[in-house]
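K.L.:
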Amino acid sequence: MFKGGTHFGILNKMSKKKQYNRIKLEINLSHLKHNFYQIKQQFSNQKILCVVKNNAYGHGVKELAKVLHEADFFGVADISAAVSLRNQNIKTPLVVMGGIWDDLDFEYGVKNNISFILYEKYQVDIIEKFEKRTNLPYDIWLKIDTGMNRLGIQMTEAKNVIENISSFTNLASITIMTHFANADNLNEKAMLKQLKNWDSILVEIKKSDKSTLITCANSSMLLNYPKITEDIIRPGLMLYGVYPETKNAINNPFNLKPVMTLKSNIISIKRVKKGESVGYGSRWVASKDSIIAIIPIGYGDGYYRYAKDGTPVLIKGQRAYLAGRVSMNMIGVDVTHLKKIKIGDESTLWGEGLRIEEIEQMNGASSYDMLISAGSKAEATYIK
């Protein structure tokens, strides 16, 4: 017969204490508010749609939505995300960026202050079907494909679609939008072509007698083309304190503060002789007798799997450097040059004191991927 009373007693005592978390994901809500006001100050004449797709880029949409209550709209990926926010008593107008699939979703949206982006003609048919059985007023966001070739009504069809939608009896307002493929590149040929296409669409829009708003500016546009903002701006990555391109962190009016900080603690310290290696594949080889700190975080926890040797890590506020391949739940860090390093010392993988853009640039990684991945792996602590 299994006898485990003593062990269960120990576990019971442990459960009453604060649990040890090998990964610490800190979300600074004061920094979020700071970033929002930075944007609002620079674009005081525009309405702001805060993009909070994918759980607010891994930061936790419920908590962040409460802080961003001054936003004019929230942009979410699909109807389920919109329903979730409404169930959490978030009242801000929502825009479903993934569009609509049927008239029942559209009806729910109309009744709950949720709008949808239209990008295919079949979606116009859905609204026509809705109009035949209700007199409820509604808003439409119409996306035009000006050259990205992802979502949007084709330019050759845009004029007819705009005229058709403008004739709908219960349409309260229409917002025309597009998305640029190369907004992070100044004066890039494809970008200039898209801008020209967009200008031609704006000419047609002015002919409509419906209340029309215009939006084309995401974070990259706000940094690189700040004069092309129209009526509504759509910041995403900037809200979370991350510049879309590292080069944009220099000579721009924004002082963005990182909202997410990813931390862990040293669990082991190894002394490695000259010529010995660290980690899978023996990629990193000690050029001299070295000290390696083992930190319990890896690609299974949202850290970038292909991070190079020399990628910076902060330990007690001092820079140390990745040594060896990233494992599923561990990394090795060269701390030979640091003094008084011990087991339990805190490390910062990115965030406060070590911008994620630096990790991104050094490794050819994506800050979007890293934020969303880390946010999906660890339980966040929210700092006010």
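According to our numbering, the sequence shown holds residues 12 to 395 in order.
Ideal Cβ positions, reconstructed from N, Cα and C, are used throughout, including at glycine.
(1) What three-state label does DSSP hand Ala8 in the structure shown?
(2) Can you tell me whether DSSP reads Val253 as helix, strand or coil?
(3) Where do the N-terminal and C-terminal ends of the alpha helix (DSSP H) with Ala76 fall, by residue?
(4) So, using beta-carbon positions, are Thr272 and Thr186 closer together than 8 Å?
(5) Less than 8 Å between the beta carbons of Asp9 and Thr226, yes or no?
(6) Looking at Arg294: is its Cβ nearer than 8 Å to the Cβ of Arg336?
(7) In terms of DSSP beta bridges, what is Cys61 paired with?
(8) Taking the alpha carbon of Gln53 as the point to measure from, which residue in Ile244, Glu369 and Lys218 has its own alpha carbon closest?
(9) When we look at the beta-carbon of Arg144 and count the other beta-carbons within 10 Å, is it buried (16 or more) or exposed?
(10) So which of Leu206, Lys207, Leu153 and Leu105 has the shortest CA-CA distance to Leu224?
(11) Looking at C-beta atoms only, is the number of pairs between the stretch 341-348 and the stretch 308-324 that lie closer than 8 Å three or more?
(12) What is the DSSP secondary structure of Asp345, reduced to helix, strand or coil?
(13) Would you mind giving the Cβ-Cβ distance between Leu248 and Tyr119, rounded to the nearest angstrom? I have them listed as a contact below 8 Å.
(14) Return helix, strand or coil for Asn374, following the three-state DSSP convention.
(15) In this structure, does DSSP put Lys274 in helix, strand or coil?
(16) Indicate whether Ala89 and Val72 have their beta-carbon atoms separated by less than 8 Å.
(17) Let me know the beta strand (DSSP E) ranges lying completely inside the stretch 191-233, each 3 residues or longer, listed in chain order.
(18) Can you say whether Leu115 is buried or exposed, counting buried as having 16 or more other CB atoms within 10 angstroms of its CB?
(19) To the nearest angstrom, report how far apart Glu74 and Leu43 are at their CA atoms.
(20) Rounded to a whole number of angstroms, what is the C-alpha to C-alpha distance between Ala297 and Pro255?
(21) Let me confirm a value: Lys274 is counted as buried when at least 16 other C-beta atoms fall within 10 Å, else exposed. Which label applies?
(22) Measuring CA to CA, which of Ile305, Asn198 and Ile111 is closest to Lys140?
(23) Below 8 Å on the Cβ atoms is my guess for Tyr149 versus Leu96; work out the distance and round it to an integer in Å.
(24) Does DSSP put Ser279 in a helix, a strand or coil?
(25) Taking the straight line between their C-alpha atoms, what separation do you get for Lys27 and Thr392?
(26) Compare the C-alpha of Asn235 against each of Asp195, Asp356 and Gly252 and name the closest.
(27) So Asp312 and Ala192 are in contact, right, with Cβ under 8 Å, and what is the actual spacing, rounded?
(28) Hey, Ile125 and Leu147: beta-carbon distance below 8 Å or not?
(29) Determine the direct distance from the alpha carbon of Ile138 to that of Glu174, and round the result to whole angstroms.
(30) Assign Glu241 to one of three DSSP states: helix, strand, or coil.
(31) Is it right to say Tyr48 is buried, meaning 16 or more other beta carbons lie within 10 angstroms of its own, or is it exposed?
(32) When you compare each of Ile370, Leu333, Ile308 and Gly158 to Ile302 by their alpha carbons, which one comes out closest?
P.N.:
Looking at the atomic coordinates:
(1) Nothing can be reported for residue 8, as the shown portion of the chain is limited to 12 through 395.
(2) Translated into the one-based positions of the sequence shown, residue 253 becomes position 242. Val253 falls in the coil class under three-state DSSP.
(3) The count along the sequence shown starts at 1 and reaches residue 76 at position 65. Its alpha helix (DSSP H) spans residues Val72 to Val78.
(4) The count along the sequence shown starts at 1 and reaches residue 272 at position 261. The count along the sequence shown starts at 1 and reaches residue 186 at position 175. Not a contact, by the Cβ cut-off of 8 Å.
(5) This structure cannot speak to residue 9, because the chain is shown only from 12 to 395.
(6) Start at 1 with the first residue of the sequence shown, and residue 294 comes out as number 283. Start at 1 with the first residue of the sequence shown, and residue 336 comes out as number 325. Yes, these two residues count as a Cβ contact at 8 Å.
(7) Counted from its first residue, the sequence shown places residue 61 at position 50. Looking at the DSSP assignment, Cys61 forms a beta bridge with Phe85.
(8) Numbered from 1 along the sequence shown, position 42 holds the residue referred to as residue 53. Between Gln53 and the set Ile244, Glu369 and Lys218, the nearest pair of CA atoms involves Ile244.
(9) Your numbering for residue 144 matches position 133 in the sequence shown. Exposed, because fewer than 16 other Cβ atoms sit within 10 Å of the Cβ of Arg144.
(10) Translated into positions along the sequence shown, residue 224 becomes position 213. Among Leu206, Lys207, Leu153 and Leu105, the Cα nearest to that of Leu224 is on Leu153.
(11) yes
(12) What you label residue 345 is simply residue 334 of the sequence shown in a count that begins at 1. Strand.
(13) Working through the sequence shown from its first residue, we reach residue 248 at position 237. Working through the sequence shown from its first residue, we reach residue 119 at position 108. Not confirmed; about 29 Å, so no contact.
(14) Within the sequence shown, the letter at position 363 stands for residue 374. Here Asn374 sits in helix by DSSP.
(15) Stepping through the sequence shown from its first residue, residue 274 is reached at position 263. Lys274: strand per DSSP, three-state reduction.
(16) As a position in the sequence shown, residue 89 is number 78, starting the count at 1. As a position in the sequence shown, residue 72 is number 61, starting the count at 1. The amino acid occupying residue 89 in the given sequence is Asp; Ala does not appear at that position. Going by C-beta atoms, Asp89 is not nearer than 8 Å to Val72.
(17) 223-228
(18) Here residue 115 corresponds to residue number 104 of the sequence shown, with the count starting at 1. Exposed, by the Cβ-count rule.
(19) Translated into the one-based positions of the sequence shown, residue 74 becomes position 63. Translated into the one-based positions of the sequence shown, residue 43 becomes position 32. Roughly 11 Å between the two C-alpha positions.
(20) Position 286 of the sequence shown, counting from 1, holds the residue named residue 297. Position 244 of the sequence shown, counting from 1, holds the residue named residue 255. Roughly 35 Å between the two C-alpha positions.
(21) Taking the sequence shown and counting its residues from 1, the one referred to as residue 274 is at position 263. Classification for Lys274: buried.
(22) Sequence index remark: in the sequence shown, residue 140 carries index 129 (1-based). Looking at the Cα atoms, Ile111 is the closest of the given residues.
(23) Along the sequence shown, one-based indexing puts residue 149 at 138. Along the sequence shown, one-based indexing puts residue 96 at 85. 19 Å between Cβ atoms; not a contact.
(24) Locating residue 279 in the sequence shown gives position 268, counting from the first residue. Under the three-state reduction of DSSP output, Ser279 falls in the strand class.
(25) Start at 1 with the first residue of the sequence shown, and residue 27 comes out as number 16. Start at 1 with the first residue of the sequence shown, and residue 392 comes out as number 381. Model confidence at Lys27 stands at a pLDDT of 45, short of 50, so the residue's coordinates are unreliable and nothing is read from them.
(26) For this step, residue 235 is matched to residue 224 along the sequence shown. Closest option to Asn235, Cα to Cα, is Asp195.
(27) For the purposes of this step, residue 312 is taken as the residue at position 301 of the sequence shown. For the purposes of this step, residue 192 is taken as the residue at position 181 of the sequence shown. Contact doesn't hold; Cβ gap of about 32 Å is too wide.
(28) The sequence position of residue 125 within the sequence shown is 114, counting from 1. The sequence position of residue 147 within the sequence shown is 136, counting from 1. No. Outside cutoff.
(29) Residue 174 sits at position 163 when you count from the first residue of the sequence shown. Residue 138 sits at position 127 when you count from the first residue of the sequence shown. Glu174 and Ile138: Cα-Cα distance of roughly 14 Å.
(30) Taking the sequence shown and counting its residues from 1, one reaches residue 241 at position 230. Coil at Glu241, not helix or strand.
(31) Residue numbering aside, residue 48 sits at position 37 when the sequence shown is read from its first letter. Under this definition Tyr48 is an exposed residue.
(32) Here residue 302 refers to the residue found at position 291 when the sequence shown is read from its first residue. Cα-wise, what sits closest to Ile302 is Leu333.
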